[in-house]
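Counted from 1, the first sequence has number 462 at position 462 by the numbering used here; the numbering is strictly sequential.
Take a look at the structure set out below.
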Amino acid sequence: MPLRVYNTLTQSKEDFAPIDAPKVGMYVCGPTVYSASHIGHMVGPVIFDTVKRYLTYLGYKVTWVVNITDVDDKLIVQANKDGTSVKDLAESVTADYIRCLEALNVTGIDHMPRATDNIGQIVTMTEGLVKKGYAYASGGDVYFDVSRDDDYGKLSHRDPEELKSGARIEPSALKKHPGDFALWKGSKPGEPAWESPYGPGRPGWHIECSAMSQRYLGPSFDIHGGGLDLVFPHHENELAQSESHNAKPFVKYWMHNGLLTKNGRKISKSDPDTIVLMKDLLEKFDPDVIRGLLLSSHYRSPIDFGNSRLEEIGRGLKAFRNLFERFARVSGLSFYTLAAPTKVGDFGTDGSDFLEQVAEHRRVFLDAMDDDFNTGAALAELYELVRTLNRFADQHGLEGAARPDQAEPQALARDQWILGMVVLRELTLILGLFEAPPAAATSANDALASELMDLILHLRAELRKAKNFALADQIRDRLTALRIVLEDRPGGQTTWKRD
RNA sequence: GGUGCCGUAGCCAAGUGGUAAGGCAGAGGUCUGCAAAACCUUUAUUCGACGGUUCGAAUCCGUCCGGCACCUCCA
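Shown next as structure tokens:
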């Protein structure tokens with residue numbers, strides 16, 4: 001099944017065929033860095049990181065660009081409020097943003113250009129648009145003239161004439177048409193400013209993306225992503241600028257992710273109650289759980305966000321972590337260092353029913369990803385794969401004490417099981433989940449704790465041997481209260497971990 | 001007013017013509033000294049409502065009801 005992608009421009013799913021395969025250029029709008037990252041800022045990065053992972057898995061060579069808007073009216077206002085400079089504010093917020101991306105295992109970004117590092121390209125593009133008659137200078141500003149662009153509105157499926165009647169667009173005596181938007185804004189004294197043929201000023205909001213995407217990906221590229229709220233006006237205007245300037249198609253596939261809501265309300269800067277800071281979230285939750293929530297439904301759907309949702313996802317994902325621990329007990333190997341294929345290929349089942357089932361789960365997973373990156377369905381199939389793996393381990397007693405007389409058949413089953421685990425590794429890596437052990441300590445964090453636990457477990461084993469279950473259970477209960485979970489396994493072994 | 005999206009079990013959610021994935025929560029069971037983990041069984045005759053098309057509809061069409069987003073800064 002070929003990969004199909006929903007394109008906002010055509011409002012339909014299309015077969016994915018890059019302009020210059022195997023190369024794929026992908027640009028996703030990043031944040032305006034004037035306040036700390038909240039969960040909403042992470043949706044796009046996590047989704048497009050997963051998109052890049054899957055495209056790479058399919059053999060494409062993806063170049064992914066995320067811009068940082070580090071000059072803007074909001075930064076100026078906030079910096080003044082904080083008594084700091086726009087530059088310092090931008091740097092500290094950008095650092096916070098990058099920390100959050102790393103925490104959520106967003107590893108695929110190749111370039112993160114800052115608007116202020118690209119003023120030259122922005123001015124050049126503005127000049128070009130003026131020369132071609134698509135833009136005009138007015139009172140120190142430069143505006144894009146939407147009436148000169150005959151297909152303006154094609155992305156958001158709007159009629160520019162409707163914009164005139166809608167009184168919600170900022171009216172300005174400087175603009176010819178209410179839909180016209182600034183490419184360049186003349187600066188007031190004390191504001192950050194760069195020289196231009198139109199006087200000192202700073203870029204408008206949309207032009208930086210046109211300039212930077214062109215710099216890194218060329219005038220035409222494959223995927224442009226962002227939140228659904230950016231379709232209009234931001235992406236519409238980017239498209240208008242770039243195509244007017246370059247006289248070439250700008251973007252082949254426009255992908256827009258759904259927005260997060262909290263208790264039914266959109267998470268938005270203008271609604272402070274809805275803001276959930278990443279800083280707070282990362283203190284309370286395993287990053288894989290946060291990533292898991294964002295991938296648990298289709299990327300174009302809205303996700304209603306609440307702590308209870310994260311807890312629910314966390315309880316579900318525990319099954320994976322438990323299986324990885326079981327894997328370590330059975331094989332002595334760490335799931336997190338397991339070498340798995342990084343490119344799609346055939347999976348040989350060698351006539352084994354079990355491996356046949358594994359292959360089927362893998363196929364369903366990949367089909368789901370091929371269908372416009374249906375991570376919700378793909379993740380669901382992973383649960384099925386986990387069940388299949390656990391069932392096989394149960395049936396073949398892989399955890400039972402090894403009996404010399406059945407060493408051979410058990411070794412074969414164990415090898416097949418490991419092959420199944422490799423497939424699970426292969427697929428979780430596509431989603432960017434469980435790449436590393438949980439960040440929070442699940443075992444002893446120092447030698448003393450480790451020795452004390454050994455001691456406690458040893459004494460408890462003696463109590464159980466002596467059938468003193470009351471005391472043995474008391475030890476287990478008291479440890480549970482300390483968030484240390486004991487699991488007595490067949491064969492007399494007891495394992496422990498922090499919850 | 002214009003443009004788009006959504007309504008599937010107690011909750012979350014996949015499914016766009018062939019007879020309802022998966023997760024959480026709940027119930028019963030296997031294993032266990034008891035737990036935990038794991039596994040098994042079970043929980044929607046039905047997909048907002050009503051019509052229509054079809055051999056067949058959650059899926060297509062129409063109408064209505066309810067919710068949301070964008071049109072203003074937002075990921």
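Quick reminder that beta carbons are idealized off the backbone N, C-alpha and C, glycines included.
Treat the numbers as computed from the prediction; the structure is a model and nothing was measured.
Would you please state the rounded distance, in angstroms, between the beta carbons of residue i and residue j? I believe it to be under 8 Å.
{"i": "M26", "j": "C100", "result": "About 20 Å; that fails the 8 Å criterion."}
{"i": "T69", "j": "E208", "result": "6 Å"}
{"i": "L389", "j": "G420", "result": "5 Å"}
{"i": "V5", "j": "M255", "result": "7 Å"}
{"i": "L230", "j": "H38", "result": "With 8 Å as the limit, L230 and H38 do not qualify as a contact, their Cβ atoms being about 16 Å apart."}
{"i": "A328", "j": "S334", "result": "6 Å"}
{"i": "R363", "j": "V423", "result": "At roughly 11 Å, the Cβ-Cβ gap does not stay under 8 Å, so R363 and V423 are not in contact."}
{"i": "L323", "j": "V344", "result": "L323 to V344, Cβ: 23 Å. No contact."}
What are the start and end residues of the alpha helix (DSSP H) that includes residue i?
{"i": "L282", "result": "278-284"}
{"i": "K318", "result": "307-331"}
{"i": "N80", "result": "73-82"}
{"i": "S92", "result": "86-103"}
{"i": "E487", "result": "Taken as a continuous stretch (DSSP letters only), E487 belongs to no alpha helix (DSSP H), being part of the beta strand (DSSP E) at 484-488."}
{"i": "Y136", "result": "It is not in any alpha helix (DSSP H) - Y136 instead sits in the beta strand (DSSP E) that spans 135-138."}
{"i": "D394", "result": "375-395"}
{"i": "T56", "result": "40-57"}
{"i": "H245", "result": "236-246"}
For residue i and residue j, I'd like the C-alpha separation in whole angstroms.
{"i": "P2", "j": "A378", "result": "16 Å"}
{"i": "R403", "j": "S331", "result": "Legend: pLDDT at R403 = 48, less than 50; position of this residue unreliable, value from coordinates given subsequently. Spanning the two alpha carbons is a distance of roughly 16 Å."}
{"i": "G108", "j": "F469", "result": "52 Å"}
{"i": "D150", "j": "E238", "result": "15 Å"}
{"i": "A167", "j": "L433", "result": "Summary for A167: the model assigns pLDDT 47, below 50, so the residue's position carries little reliability; its value from the coordinates is reported in the next sentence. Distance between the alpha carbons of A167 and L433 is about 46 Å."}
{"i": "T337", "j": "G133", "result": "58 Å"}
{"i": "F521", "j": "A211", "result": "Any property of residue 521 remains undetermined from this structure, which presents the chain solely from 1 to 499."}
{"i": "F221", "j": "S450", "result": "54 Å"}
{"i": "T50", "j": "V106", "result": "8 Å"}
{"i": "R425", "j": "A436", "result": "11 Å"}
{"i": "L479", "j": "L317", "result": "23 Å"}
{"i": "A182", "j": "S138", "result": "10 Å"}
{"i": "L530", "j": "Q410", "result": "Outside the shown range of the chain (1 to 499) lies residue 530, about which nothing can therefore be said."}
{"i": "E544", "j": "M453", "result": "Lying before the first or after the last residue shown, residue 544 is absent from the chain, which here runs from 1 to 499."}
{"i": "R309", "j": "E360", "result": "30 Å"}
{"i": "D271", "j": "D304", "result": "15 Å"}
{"i": "G314", "j": "D273", "result": "24 Å"}
Kindly indicate the opening and closing residues of the beta strand (DSSP E) around residue i.
{"i": "H361", "result": "Counting along the chain, H361 falls outside any beta strand (DSSP E), though it belongs to the alpha helix (DSSP H) covering 353-370."}
{"i": "V142", "result": "141-144"}
{"i": "S210", "result": "Note, S210: premise wrong, no beta strand (DSSP E); alpha helix (DSSP H) at 207-217."}
{"i": "L260", "result": "260-262"}
{"i": "A182", "result": "181-186"}
{"i": "T495", "result": "494-498"}
{"i": "A466", "result": "Per DSSP, A466 belongs to no beta strand (DSSP E) and is neither H nor E."}
{"i": "Y336", "result": "It is not in any beta strand (DSSP E) - Y336 carries neither H nor E in the DSSP assignment."}
According to DSSP, residue i sits in a beta bridge with which residue or residues?
{"i": "G225", "result": "V28, M255"}
{"i": "Y299", "result": "In the DSSP output, where bridge partners are listed per residue, Y299 has none listed."}
{"i": "W64", "result": "M26"}
{"i": "V5", "result": "E14"}
{"i": "G201", "result": "G186, W194"}
{"i": "I475", "result": "Per DSSP, none; premise fails for I475."}
{"i": "R265", "result": "K262"}
{"i": "H111", "result": "V65"}
{"i": "D304", "result": "T261"}
{"i": "D20", "result": "K23"}
{"i": "D271", "result": "S268"}
Just to confirm before moving on: does the CB-CB distance between residue i and residue j stay below 9 Å?
{"i": "N257", "j": "G225", "result": "yes"}
{"i": "T126", "j": "V142", "result": "yes"}
{"i": "W184", "j": "R158", "result": "no"}
{"i": "K269", "j": "L260", "result": "no"}
{"i": "V65", "j": "S213", "result": "yes"}
{"i": "D96", "j": "V146", "result": "no"}
{"i": "V33", "j": "L89", "result": "yes"}
{"i": "K61", "j": "K23", "result": "yes"}
{"i": "L9", "j": "L155", "result": "yes"}
{"i": "R215", "j": "N118", "result": "yes"}
{"i": "E14", "j": "Y253", "result": "yes"}
{"i": "D499", "j": "I484", "result": "yes"}
{"i": "G140", "j": "G186", "result": "yes"}
{"i": "G30", "j": "M112", "result": "yes"}
{"i": "L281", "j": "I275", "result": "no"}
{"i": "T495", "j": "R460", "result": "no"}
{"i": "L382", "j": "T428", "result": "yes"}
{"i": "D110", "j": "T56", "result": "no"}
{"i": "V502", "j": "P192", "result": "Residue 502 lies beyond the range of the chain shown here (1 to 499); nothing can be said about it."}
{"i": "S244", "j": "F144", "result": "yes"}
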